[in-house]
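Working notes, beginning with the structure itself.
Protein chains in written order, with the working numbering: chain A, 22 to 289; chain B, 10 to 271.
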């Protein structure tokens, strides 16, 4: 243990640190207030068309109304479920694919050009085909959320597997380890940080997949509300959904970030 | 019959553009309990030779026999220590030491006690539940030694295990390792480019040359230097004599090598 020491200028340093933190929080708060204030004022004074851009108060009113009649929770629940399902399926499938790519060099060499094509392809363009194939329901929307992140996470994780120091494998092989043992004891634990970093990217990606999926086919969910609001020219509804999506996506991202911190701390 | 016998081992590395001759016709024998050093410049195939003996790669030509039987027909464990400890940072010290029997599926319940006893033997008692990053370089290399001894290896291969340590730690660890290996009667092969280390620790030294890697000279270490601990051996007059002799040989090889490359 290092003995606790102190010095008069250490307190000054701590104070300066606390002040800096306060200033940053303050700045963030001011931007938040200014944005909504400016939106509200410019909408009321008709600087912007309130029919198109609505206003924070109208969005808030709508939110309260939908919260009370339960439809907020209804649509939100569906979209959250689809996004989480897409995220988990896509990520896990990506990791499994990365495992096979790592396990067999030949397999990875064979599928390499197809992975390149599939990775470069804008996955949302597959939407109509997926919907026709799987039918207009949860399954096709979840597939959209999953397919958009599966290849990119497979490639990133596979790269991570390759960056593991080969000498760890040498240690295990000197004890006669099998390939699966190499994977379990060295490759997987050593690349956990890489795997978690793909989680963060995939949260964002599966939101894209699910919202586009809902645009195309759904009759419920936040993405559906955006398209519906657009079609009936109810832009308060569009902005209401947008605010909810922004909030939920940020929340999920933070959740993954906390999970990452916790896991890395556990792994030290 | 010798304990370990290498008979005309040759190895080539292949890739699309080249076929590299890494080892050429290497033969030597090691008696049980002896400590052998393979000394040579970098690129002379020392590590390749160790990997072949450890059965991590199979030689293009030649055979290795242990106690008269081809080495791959034994169900023995061969200990391999690398330049760095390569302890798994996410495992505790105890789990790191126990990895060998677990990988070999020979795990028995008493092995935790055996691991603790080995750790005590290498002078580490209160670290079992710590993680590798809480230990110093010398301590970590001692844990790596305990991990290697855990499977009772028939043969110990040391690939410059002291090269990443500071000089003082290196001397202490050399002495410690030498005493441990004598104690356990282990047959060991050390790969090094450090002349002093080779003389201080070994019974026999094989001086290697590069392009392709082959044995240039067999230098037995004088009896009374052998029996000293590495630190004592370094002070012995014959140590210095031998050092000079090997130094000259290595320089000669160097100039020959340079000349052949020009």
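Backbone N, C-alpha and C fix where the C-beta goes; we use that ideal spot for every residue, glycine too.
Expected contact under 8 Å - CB spacing of residue 9(B) and residue 159(B) to nearest Å: No answer is possible for residue 9(B): it lies beyond the span of chain B, which begins at 10 and ends at 271.
Pick from 214(B), 252(B), 41(B) and 48(B) that is closest to residue 191(B), judged by C-alpha positions: For the purposes of this step, residue 191(B) is taken as the residue at position 182 of the second chain. Scanning 214(B), 252(B), 41(B) and 48(B) for the CA closest to the CA of residue 191(B) turns up 41(B).
Test item: CB-CB of residue 131(B) and residue 151(B) under 8 Å: As a position in the second chain, residue 131(B) is number 122, starting the count at 1. As a position in the second chain, residue 151(B) is number 142, starting the count at 1. Cβ distance < 8 Å, so residue 131(B) and residue 151(B) count as in contact.
Listed by chain order, chain B residues near residue 149(A) by CB distance under 9 Å: Position 128 of the first chain, counting from 1, holds the residue named residue 149(A). Going along chain B, no residue has its Cβ under 9 Å from residue 149(A), so there is no contact; the nearest lies around 44 Å.
Limits of the beta strand (DSSP E) - the one that residue 308(A) falls within: Because chain A spans 22 through 289 in this model, residue 308(A) falls outside it and cannot be assessed.
For residue 36(B), the first and last residue of its enclosing beta strand (DSSP E): Within the second chain, numbered from 1, the residue matching residue 36(B) stands at position 27. It spans 28-39 - the beta strand (DSSP E) in which residue 36(B) sits, taken as one unbroken run.
Residues of the region 175-187 of chain A with Cβ closer than 9 Å to any Cβ of chain B, in chain order: Against chain B - using a Cβ distance shorter than 9 Å - the residues of the region 175-187 of chain A are 186.
Interface flag, residue 97(B) vs chain A, CB-CB below 8 Å: Stepping through the second chain from its first residue, residue 97(B) is reached at position 88. Yes, because at least one Cβ of chain A sits closer than 8 Å to the Cβ of residue 97(B).
Minimum Cβ-Cβ distance from residue 89(B) to chain A less than 8 Å: What you label residue 89(B) is simply residue 80 of the second chain in a count that begins at 1. Yes, residue 89(B) lies at the interface with chain A (some Cβ there is under 8 Å from its Cβ).
Distance between beta carbons of residue 154(B) and residue 171(B), contact taken as under 8 Å: The residue labelled residue 171(B) in the question sits at position 162 within the second chain. The residue labelled residue 154(B) in the question sits at position 145 within the second chain. Between residue 171(B) and residue 154(B), the beta carbon gap of about 11 Å keeps them out of contact (Cβ cut-off 8 Å).
Cutoff 8 Å: residue 189(A) Cβ touching any chain B Cβ: Counted from its first residue, the first chain places residue 189(A) at position 168. Chain B has a Cβ within less than 8 Å of the Cβ of residue 189(A).
Three-pair Cβ contact test at 8 Å for the region 45-58 of chain B versus the region 16-36 of chain B: Three or more Cβ pairs drawn from the region 45-58 of chain B and the region 16-36 of chain B lie within less than 8 Å of each other, which places the two stretches in contact.
Cβ-heavy atom distance, residue 65(A) to the ligand ATP, below 7 Å: No copy of the ligand ATP appears in this structure; indeed no ligand is present at all.
Cβ-based burial, residue 47(A) [other Cβ within 10 Å; buried from 16]: For the purposes of this step, residue 47(A) is identified with residue 26 of the first chain, where counting begins at 1. Exposed: under 16 other Cβ atoms inside 10 Å.
Under 7 Å (Cβ pairs) to chain B, residues found in the region 191-205 of chain A: Contacts with chain B (Cβ-Cβ distance below 7 Å) from the region 191-205 of chain A involve 191, 192, 193, 194, 195, 196, 197, 198 and 202, listed in chain order.
Proximity to residue 74(A) [Cα-Cα], best of 84(A), 62(A) and 190(A): Reading the first chain from its first residue, position 53 is the one you call residue 74(A). Comparing Cα positions, the closest option is 62(A).
Residues that DSSP places opposite residue 200(B) in a beta bridge: Counting from one through the second chain, the residue named residue 200(B) turns up at place 191. In the DSSP output, where bridge partners are listed per residue, residue 200(B) has 47(B) and 168(B).
Helix, strand or coil at residue 91(A) according to DSSP, with G and I counted as helix: Position 70 of the first chain holds residue 91(A). If DSSP states are grouped into helix, strand and coil, residue 91(A) belongs with coil.
Reduced DSSP secondary structure (H/G/I, E/B, other) of residue 17(B): For the purposes of this step, residue 17(B) is identified with residue 8 of the second chain, where counting begins at 1. Correct three-state label for residue 17(B): strand.
Three-way DSSP call (helix, strand, coil) for residue 120(B) in this model: Taking the first residue of the second chain as position 1, residue 120(B) is located at position 111. When secondary structure is reduced to three states using DSSP, residue 120(B) falls in the helix class.
Contact residues within the region 109-122 of chain B, judged by C-beta distance below 7 Å to chain A: Residues passing the 7 Å Cβ filter: 109, 112 and 113.
Residue 258(A) beta carbon less than 8 Å from that of residue 83(A): Here residue 83(A) refers to the residue found at position 62 of the first chain. Here residue 258(A) refers to the residue found at position 237 of the first chain. Yes, these two residues count as a Cβ contact at 8 Å.
Rounded C-alpha distance that separates residue 117(B) from residue 127(B): Taking the second chain and counting its residues from 1, the one referred to as residue 117(B) is at position 108. Taking the second chain and counting its residues from 1, the one referred to as residue 127(B) is at position 118. For residue 117(B) and residue 127(B), the distance between alpha carbons rounds to 16 Å.
Endpoints, beta strand (DSSP E) assigned at residue 215(B): By 1-based counting over the second chain, the position of residue 215(B) is 206. Where residue 215(B) is concerned, the enclosing beta strand (DSSP E) stretches over 213-218.
Near-chain A residues of the region 60-77 of chain B - C-beta to any C-beta below 7 Å: Result list: 63 and 65.
Supposed close pair residue 179(A), residue 123(A) - CB separation, criterion 8 Å: Along the first chain, one-based indexing puts residue 179(A) at 158. Along the first chain, one-based indexing puts residue 123(A) at 102. About 6 Å separates the two Cβ atoms, so the contact holds.
Rounded separation between residue 98(B) and residue 178(B) - CA only: As a position in the second chain, residue 98(B) is number 89, starting the count at 1. As a position in the second chain, residue 178(B) is number 169, starting the count at 1. Each residue's Cα considered, the two are about 21 Å apart.
Contact between the region 228-247 of chain A and the region 144-164 of chain A (3+ Cβ pairs under 8 Å): These segments touch.
Buried versus exposed, by CB contacts within 10 Å (16 or more), residue 200(A): Start at 1 with the first residue of the first chain, and residue 200(A) comes out as number 179. Result: exposed.
Straight-line gap, residue 215(B) to residue 194(B) (C-alpha atoms, nearest Å): Indexing the second chain from 1 puts residue 215(B) at position 206. Indexing the second chain from 1 puts residue 194(B) at position 185. Cα to Cα, the separation comes out at about 21 Å.
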